[in-house]
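Below is one structure, written out as structure tokens, with a few remarks after it.
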Amino acid sequence: MDAGLLTLYLFVFPGILFLLGFAFFSEWYDRRLTARMQNRMGPPFLQPFADFVKLLSKEDITPTGVPRRLYAAIPLFAFAAVATAFLYVPVLGAASPFGFPGDLVLVLYLLTLPTILVFLLGWTSNNVFARLGAVRSVSQLFVYEVPFFLAALGPALAYETWALGDIVARQAGGLWIVLFEPLGFAVLLIALQAKLERVPFDIPEAETEIVAGPTTELTGKKLALWNVSKDMLLATGAALVVALFLGGPTLPGVTLDGVLGAVIAFFVFFLKVLFVLLLLALLKAALGRLRLDQLMDWGWKVLTPAALVQIAVVLAVKAGGWL
Amino acid sequence: MPEVELLIGPQHPALKEPVNFKVVVDGERIVRLDLDISYNHRGIEKAAETRDFSKSMYLLERICGICSHAHTTVFSKGIETLMNIEPPPRGKWIRTLVAELERIHSHLLWLGVAAHEIGYNTLFMYTWRDRETVQNILEMISGNRVNYGMNAIGGVRRDLSDPMRQRVLEGLRLLAERADYYLEVVPKEETLVVRTRGVGRLATDKAIELGAVGPTARGSNVPFDVRRDDPYLAYGDVPFDVITSTACDVFGRVEVRVKELVQSVRMCIHMVENLPPGEILVKPPRTAPAGEYVSRLEAPRGELLYFLRTRGTDKVDRVSVRTPTLANWPSVVSAIQGHVIADIPVVVAAIDPCLSCTSRMTFTDVDRGERSSLSWDELVEYGIRYYREKEGL
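If you're matching them up, the sequences are chains A and B in order. Residue 323 in our numbering sits at position 323 of the first sequence; the count goes up by one each step and never skips. Each number in our numbering corresponds to the 1-based position in the second sequence with 1000 added.
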């Protein structure tokens, strides 16, 4: 690709501008689905965007005793981390033009940053609810991040590559990994739900317990940016699951070339993301919130061992030479 | 983390009404809990002394937005007893019917709130949708969704016509279906069970000792229900079971309320089908002879108690309200011990607190941070002194 096209990719499609729209869409889709499952109407299509604009126009308050610059920088960092991660996820073809051998590690790293930033945000907020939320989010981080990484490791181990592009390309040549590693797929979905701090893992921001958790003191533009980063995390997380387990923007045994190929690839990608978002919304609607100690128990005794079993199976299959 | 004082309320997303918990926490674990309930003193008891009986009814109905009918029923029961009159059977039955519909509405609302407190919003949306049915029924009968204005001294103000009864029955059949659904689903629902079993323990003898009432007590296996133990209105003629649970925790309180829901729907259907004919209201005398009476009944949240004193006029000389929530607060403070922050909302919600009905006055010495309450004699003395000094009387 030449420099002009790369810039277009970076900033317009499927880069930052598209990601913004995609994030708003994901939020709307998720909220609408949940609402329908709960026998409600749900928000109109432009609601997330309207919320964003409204928040931009609201007063921006920094509480006293808060490190001003750091506090303002945290939402920006979260936004940048997630936006960067999305660049490496294949959207239009088997590989992103920015892909390199090892981009999976970078994406996982970038997707962990928001949680660290949640902690920082809560801790610097100078508010008891925010601090409790911060401590909760870090406690939760250790529970879900391990199975999340292990589950993401499954496809990488199976194909002996750390490049997302290669993992997708190999799936296009054969079958989707979800068929070989259903357990890993389930673990990744659940861990993603925990990463996104959604029911049943919304412990750090449990409304009825600690108000809004780490974001309690966040207002105006900062909150708008923070919220859109969370939406982007939802979209990027779903896209990553699609790339790792559902063959990304490819169809098995079909070669997609040229502009038309890219268009078809995009729609394939889009439909798969919708499917993943549906699963996440189902999880959200079907359950209530867990307690932190219950999450610890369940995370270490069930979720992590399940991910380890999946890894063991992959290694055994590879050692046996059946793949 | 070191010990932190966490102030929950008077404004907090978990609370729809003003109350303040000072929770001292060590990390997530609760070390101490201090309760401050009086943010909304409305002076209703005093105001009732200046109005005649029928105007007092409208005032007292507004003590609580949910068990409004219970307040007027207990008041009219007391005044009628003091006047030595009795409502006609049909009036009694309609009163009972509205009371039970109110219980259905209150329990459905509570089930949704409890589910919301543990982040289980789907159940919340379901129960509140079904609650619309019972509110529509109440609106059809009384013209209002919450403050029904059905009671009058000597009976009820509106009758149930036959076509109306048919439509009420239709609604009740739907509710019976939904109540059975909740009865089947709720005890099996994993998140609900995980978050309520073993949480907020209140042993049977402890519940009696702390004076818990209503579903809170029955959830701790205290078989006390005013409807059965001191029958009033039509409760002697309508078959129902007193529900208790041996779970002695929040799950027990959930179980009791869901089963009571089924019972109440059944009672309502029975009452609508067997409504006795006749008048609905007797004309009461204008005044009540001097006397004192403690009137009580089973409100949705438990035993509601009114002390009434009359002096032969058309006004009460003194009315004192003891709402079930007030009786249940000590059990919350006891049940929350040793739990974590995440359990506070659901343990508090488990008594179905109705805070504004509960407000009491306390005197706070701001400089010394001390609190005290005044006895009746001290209060009288204070009042006399106040008017003597300030008004020169």
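Glycine included, each C-beta is placed from N, C-alpha and C at the ideal position.
Item checked: N-terminal and C-terminal residue of the alpha helix (DSSP H) that Ala156 of chain A is part of -> By 1-based counting over the first sequence, the position of residue 156 of chain A is 156. DSSP places Ala156 of chain A in the uninterrupted alpha helix (DSSP H) bounded by Val128 to Tyr159.
Note to self: Mapping the DSSP letters down to three states, classify Ala1299 of chain B as helix, strand or coil.
What the structure shows: Counting from one through the second sequence, the residue named residue 1299 of chain B turns up at place 299. Note: Ala1299 of chain B maps to strand in three-state DSSP.
Next item on the list: For the beta strand (DSSP E) holding Glu953 of chain B, just list the boundary residues, first then last.
Entry: Limits of chain B in this structure are 1001 at one end and 1393 at the other, which puts residue 953 of chain B out of reach.
Notebook entry, point to check: Going straight from the alpha carbon of Arg198 of chain A to that of Lys284 of chain A, what length do you get?
Noted result: Residue numbering aside, residue 198 of chain A sits at position 198 when the first sequence is read from its first letter. Residue numbering aside, residue 284 of chain A sits at position 284 when the first sequence is read from its first letter. Going from the Cα of Arg198 of chain A to the Cα of Lys284 of chain A covers about 7 Å.
Check: Name the residues in the region 1089 to 1121 of chain B whose C-beta lies less than 9 Å from a C-beta of chain A; which are they?
Finding: Ala1115, His1116, Glu1117, Ile1118, Gly1119, Tyr1120 and Asn1121
Check: Which one or two residues does DSSP pair with Ile1030 of chain B in a beta bridge?
Finding: Here residue 1030 of chain B refers to the residue found at position 30 of the second sequence. The partner list for Ile1030 of chain B (beta bridge, DSSP) reads B:Val1025.
Notebook entry, point to check: Per DSSP, Ala1281 of chain B is paired with what?
Noted result: Residue numbering aside, residue 1281 of chain B sits at position 281 when the second sequence is read from its first letter. First, the amino acid is wrong: residue 1281 of chain B is Leu here, not Ala. B:Gly1155, per the DSSP bridge assignment.
Margin query: Just to make sure I have the definition right: I need the residues of chain A whose C-beta is within less than 7 Å of the C-beta of Ile1269 of chain B. Which are they?
Written below: Position 269 of the second sequence, counted from the start, is the residue given in the question as residue 1269 of chain B. Result: empty, since nearest Cβ-Cβ is about 25 Å, beyond 7 Å.
Item checked: Within 8 Å, strictly: CB atoms of Leu1304 of chain B and Pro1324 of chain B -> By one-based count along the second sequence, residue 1304 of chain B stands at place 304. By one-based count along the second sequence, residue 1324 of chain B stands at place 324. In contact: Leu1304 of chain B and Pro1324 of chain B (Cβ atoms closer than 8 Å).
Check: If Leu287 of chain A sits next to Thr1191 of chain B, beta carbons under 8 Å apart, how far is it from one beta carbon to the other, in whole angstroms?
Finding: In the first sequence, residue 287 of chain A corresponds to position 287, counting from 1. In the second sequence, residue 1191 of chain B corresponds to position 191, counting from 1. About 5 Å separates the Cβ atoms of Leu287 of chain A and Thr1191 of chain B, confirming a contact at the 8 Å cut-off.
Checklist line | beta strand (DSSP E) segment containing Asp1205 of chain B, residue limits | finding: On the second sequence, position 205 is the one that residue 1205 of chain B refers to. It is not in any beta strand (DSSP E) - Asp1205 of chain B instead sits in the alpha helix (DSSP H) that spans Thr1204 to Glu1209.
Item checked: Which listed residue (B:Leu1015, B:Leu1097, B:Tyr1306 and B:Ile1153) has its alpha carbon closest to that of Ser1054 of chain B -> Translated into the one-based positions of the second sequence, residue 1054 of chain B becomes position 54. If we check each option's Cα against that of Ser1054 of chain B, B:Ile1153 comes out closest.
Check: Is Met296 of chain A close to chain B, meaning its C-beta is less than 8 Å from at least one C-beta of that chain?
Finding: Within the first sequence, residue 296 of chain A is the residue found at index 296, counting from 1. Cβ-Cβ to chain B under 8 Å: no for Met296 of chain A.
Notebook entry, point to check: Should the region 260 to 279 of chain A be called in touch with the region 235 to 242 of chain A, which here means at least 3 C-beta pairs below 8 Å?
Noted result: Yes, the region 260 to 279 of chain A touches the region 235 to 242 of chain A.
Check: For Phe1307 of chain B, which residues does DSSP report across the bridge?
Finding: If you number the second sequence from 1, residue 1307 of chain B lands on position 307. According to DSSP, which records beta bridges pairwise, Phe1307 of chain B is partnered with B:Val1294 and B:Ser1320.
Item checked: Continuous alpha helix (DSSP H) stretch holding Trp300 of chain A: start and end -> Position 300 of the first sequence, counting from 1, holds the residue named residue 300 of chain A. Note, Trp300 of chain A: premise wrong, no alpha helix (DSSP H); not H, not E.
Check: Which two residues bound the contiguous alpha helix (DSSP H) that contains Ala1288 of chain B?
Finding: Taking the second sequence and counting its residues from 1, the one referred to as residue 1288 of chain B is at position 288. It is not in any alpha helix (DSSP H) - Ala1288 of chain B carries neither H nor E in the DSSP assignment.
Notebook entry, point to check: For Ala1342 of chain B and chain A, any beta-carbon pair shorter than 8 Å?
Noted result: Against the second sequence, residue 1342 of chain B aligns to sequence position 342. Yes - at least one Cβ of chain A is within 8 Å of the one on Ala1342 of chain B.
Next item on the list: Would you mind stating whether His1107 of chain B and Leu1261 of chain B have Cβ atoms separated by less than 8 Å?
Entry: To locate residue 1107 of chain B, count along the second sequence from 1; it is residue 107. To locate residue 1261 of chain B, count along the second sequence from 1; it is residue 261. Yes, the Cβ-Cβ distance between His1107 of chain B and Leu1261 of chain B is below 8 Å.
Next item on the list: Starting from the beta carbon of Val211 of chain A, find every residue of chain B whose beta carbon is closer than 8 Å, and list them in chain order.
Entry: Taking the first residue of the first sequence as position 1, residue 211 of chain A is located at position 211. Chain B residues near Val211 of chain A: His1012 and Pro1013.
Check: Can at least three beta-carbon pairs, one atom from the region 167 to 181 of chain A and one from the region 1307 to 1316 of chain B, be found at a separation below 8 Å?
Finding: no
Check: Of all Cβ atoms in chain A, is any one closer than 8 Å to the Cβ of Arg1032 of chain B?
Finding: Along the second sequence, read from residue 1 onward, the residue named residue 1032 of chain B stands at position 32. No, Arg1032 of chain B does not count as interfacial toward chain A.
Check: For a contact meaning CB atoms closer than 8 Å, what does Arg1129 of chain B contact in chain A?
Finding: As a working mapping, residue 1129 of chain B is identified with position 129 in the second sequence. Listed along the chain, the chain A residues whose CB falls inside 8 Å of the CB of Arg1129 of chain B are Asn39.
Notebook entry, point to check: Which two residues bound the contiguous alpha helix (DSSP H) that contains Ser1076 of chain B?
Noted result: For the purposes of this step, residue 1076 of chain B is taken as residue 76 along the second sequence, with counting starting at 1. From DSSP, the alpha helix (DSSP H) with Ser1076 of chain B extends over Ser1068 to Met1083.
Notebook entry, point to check: Between Leu1138 of chain B and Tyr1148 of chain B, which are expected to be in contact by the criterion C-beta below 8 Å, what is the C-beta distance as a whole number of angstroms?
Noted result: The residue labelled residue 1138 of chain B in the question sits at position 138 within the second sequence. The residue labelled residue 1148 of chain B in the question sits at position 148 within the second sequence. At roughly 6 Å, the Cβ-Cβ gap stays under 8 Å, so Leu1138 of chain B and Tyr1148 of chain B are in contact.
Check: Skipping 5 residues on each side, what residues in its chain have a beta carbon closer than 7 Å to that of Leu1015 of chain B?
Finding: Walking along the second sequence from the start, residue 1015 of chain B turns up at place 15. Around Leu1015 of chain B: Gly1009.
Item checked: Of the listed residues A:Asp257, A:Val187, A:Gly154 and A:Pro214, nearest to Ala312 of chain A (C-alpha basis) -> Here residue 312 of chain A refers to the residue found at position 312 when the first sequence is read from its first residue. Answer by Cα proximity: A:Gly154.
Notebook entry, point to check: Hey, how far is the Cα of Arg1318 of chain B from the Cα of Glu1045 of chain B?
Noted result: Within the second sequence, numbered from 1, the residue matching residue 1318 of chain B stands at position 318. Within the second sequence, numbered from 1, the residue matching residue 1045 of chain B stands at position 45. Cα to Cα, Arg1318 of chain B sits roughly 8 Å from Glu1045 of chain B.
Next item on the list: Using a threshold of 8 Å, state whether the C-beta atoms of Pro331 of chain A and Gly4 of chain A are closer than that.
Entry: Residue 331 of chain A is absent from the structure shown; chain A starts at 1 and stops at 323.
Next item on the list: Give a yes or no on whether the C-beta atoms belonging to Ala152 of chain A and Leu188 of chain A are separated by under 8 Å.
Entry: By one-based count along the first sequence, residue 152 of chain A stands at place 152. By one-based count along the first sequence, residue 188 of chain A stands at place 188. Yes, they are a contact pair.
Next item on the list: Please go through the same chain and pick out, in chain order, the residues whose beta-carbon is closer than 8 Å to the beta-carbon of Phe45 of chain A, but skip the five residues on each side of it.
Entry: As a working mapping, residue 45 of chain A is identified with position 45 in the first sequence. Counting only Cβ-Cβ distances below 8 Å, and skipping sequence neighbours, we find Trp28.
Item checked: Enclosing alpha helix (DSSP H) for Asp103 of chain A [first to last residue] -> Here residue 103 of chain A refers to the residue found at position 103 when the first sequence is read from its first residue. Run containing Asp103 of chain A: Asp103 to Thr124, per the alpha helix (DSSP H) assignment.
Note to self: Which residues in chain A have a C-beta closer than 9 Å to the C-beta of Leu1006 of chain B? List them in chain order.
What the structure shows: As a working note, residue 1006 of chain B is residue 6 in the second sequence. In chain order: Val128, Phe129, Leu132 and Ile210.
Checklist line | Separation of Leu1109 of chain B from Val1333 of chain B, as counted between CA atoms | finding: Reading the second sequence from its first residue, position 333 is the one you call residue 1333 of chain B. Reading the second sequence from its first residue, position 109 is the one you call residue 1109 of chain B. Whole-angstrom Cα-Cα distance: 23 Å.
Margin query: In this structure, how does DSSP classify Lys1315 of chain B when only helix, strand and coil are distinguished?
Written below: On the second sequence, residue 1315 of chain B is found 315 positions in, with the first residue counted as 1. If DSSP states are grouped into helix, strand and coil, Lys1315 of chain B belongs with the strands.
Margin query: Three Cβ pairs or more, each shorter than 8 Å: is that satisfied between the region 214 to 230 of chain A and the region 52 to 65 of chain A?
Written below: yes
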